[in-house]
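This report refers to the structure that appears directly beneath it.
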Amino acid sequence: MADPVIRVENLVAGYGESVILKDVDFTVERGEILVIVGGSGCGKSTLLKHMIGLNPPLGGRVLVRGVDIESASEDELARVHQSIGVLFQSSALFGSMTLLENVSLPLIDFTDLPRELALELARAKLAMVGLAGYDNHLPSEISGGMKKRAGLARAMALDPVVLFFDEPSAGLDPVTSAELDRLILKINQGLGTTMVIVSHELASIFAIARRVVVLDKSAQGVIAIGEPRDLRDHSPDPRVREFFLRQPRA
105 MADPVIRVEN
115 LVAGYGESVI
125 LKDVDFTVER
135 GEILVIVGGS
145 GCGKSTLLKH
155 MIGLNPPLGG
165 RVLVRGVDIE
175 SASEDELARV
185 HQSIGVLFQS
195 SALFGSMTLL
205 ENVSLPLIDF
215 TDLPRELALE
225 LARAKLAMVG
235 LAGYDNHLPS
245 EISGGMKKRA
255 GLARAMALDP
265 VVLFFDEPSA
275 GLDPVTSAEL
285 DRLILKINQG
295 LGTTMVIVSH
305 ELASIFAIAR
315 RVVVLDKSAQ
325 GVIAIGEPRD
335 LRDHSPDPRV
345 REFFLRQPRA
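Written out as structure tokens, the structure reads:
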């Protein structure tokens with residue numbers, strides 16, 4: 105068995121003196137789609153931010169490809185950052201730049217590729233997510249679902265080992281959300297890209313997740329890890345079943 109791509113060990117996550125999560129332990133295996141789930145305010149996005157190094161742990165550690173991202177040297181951290189891609193909830197596209205310029209930006213900034221080759225690769229990434237022919241469109245000229253796909257193309261620009269998604273279905277209608285789920289599966293199956301996704305959308309969770317990490321606000325941590333349907337049907341923890349069955353606690 106290959107070593108996990110990501111290892112979260114005894115993580116304490118939060119902001120300043122405010123602890124949101126504690127004693128968080130799990131791994132992300134190479135090539136899997138792992139979804140972080142739980143109710144509102146349970147710390148899903150906080151955990152994601154700590155996993156990609158935007159926030160330092162209050163305790164414990166996160167290892168990405170064997171590198172502790174808190175104690176890593178600048179060179180090690182640069183290599184880690186170039187091996188991951190992130191699709192933020194808002195897509196985070198630069199509004200004054202065309203889709204081609206947005207997607208080519210990481211290639212121009214972080215590689216020594218000639219500009220024309222960087223642009224050609226960016227066109228290929230746009231085509232991969234179904235946006236061939238939209239090179240010169242601005243973000244304001246496309247739909248919400250297309251913005252998500254353009255953000256995904258940019259996240260994939262450097263051929264990352266791991267893709268992180270923060271609520272990819274947020275703000276999308278059910279049909280567009282399902283189309284994005286199919287695209288995520290296609291990329292995972294076609295390229296073998298490891299994926300970590302924050303979501304509360306049950307349809308998406310059941311469609312794409314191989315495993316889920318269930319967080320709970322009152323527990324300040326992980327209350328279950330497993331295959332979503334198995335947890336829905338067989339978890340001994342009523343909080344887990346209530347989440348997957350959308351049944352409020354009596």
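So the sequence shown is numbered by the numbering used here: it starts at 105 and just counts up by one. C-beta: ideal position from N, C-alpha, C; glycine also.
Selected residue, minimal CA-CA separation from Gly275, among Ser247, Leu262, Thr298 and Gly189
With distances taken between Cα atoms, Gly275 lies closest to Ser247.
Just mark Arg333 as buried or exposed, buried being the case when its beta carbon has 16 or more other beta carbons within 10 Å.
exposed
Since Pro108 and Val132 are thought to touch, with beta carbons under 8 Å apart, how far apart are those beta carbons, to the nearest angstrom?
6 Å
Taking just the CA atoms, how far does Met155 sit from Val166?
Val166 and Met155 have their C-alpha atoms spaced approximately 6 Å apart.
By DSSP, does Thr150 sit in helix, in strand, or in coil?
helix
Are the stretch 144-154 and the stretch 107-127 touching by the rule of at least three beta carbon pairs closer than 8 Å?
Touching, yes, given that three or more Cβ pairs across the two stretches are closer than 8 Å.
Compute the Euclidean distance between the alpha carbons of Asp341 and Val141, then round it to the nearest angstrom.
Between Asp341 and Val141, the C-alpha separation is close to 15 Å.
What's the gap between the Cα of Asp277 and the Cα of Ser177?
Going from the Cα of Asp277 to the Cα of Ser177 covers about 43 Å.
Nearest-angstrom Cα separation, counted from Gly118 out to Gly145:
12 Å
With Ile188 and Val266 assumed to form a contact (beta carbons below 8 Å), what rounded beta-carbon distance in angstroms separates them?
5 Å
Classification of Ser195 by the beta-carbon crowding that lies within 10 angstroms, buried from 16 upward:
buried
Simplified DSSP state of Asn382, which is helix, strand or coil:
An answer regarding residue 382 cannot be provided, because it is not within the stretch 105 to 354 covered by the chain.
Residues near Gly164 in its chain [Cβ-Cβ closer than 6 Å; skip 5 each side]
Glu113, Asn114, Leu115 and Val116
Looking only at its own chain, which residues have a Cβ that is under 8 Å from the Cβ of Thr202, when we skip the five neighbours before and after it?
Excluding sequence neighbours, Thr202 sits near Asp239, Asn240, His241 and Leu242.
Quick check on Asp172: does DSSP put it in helix, strand or coil?
strand
Val265 (DSSP reduced to helix, strand or coil)
The answer is coil: DSSP assigns Val265 none of H, G, I, E or B.
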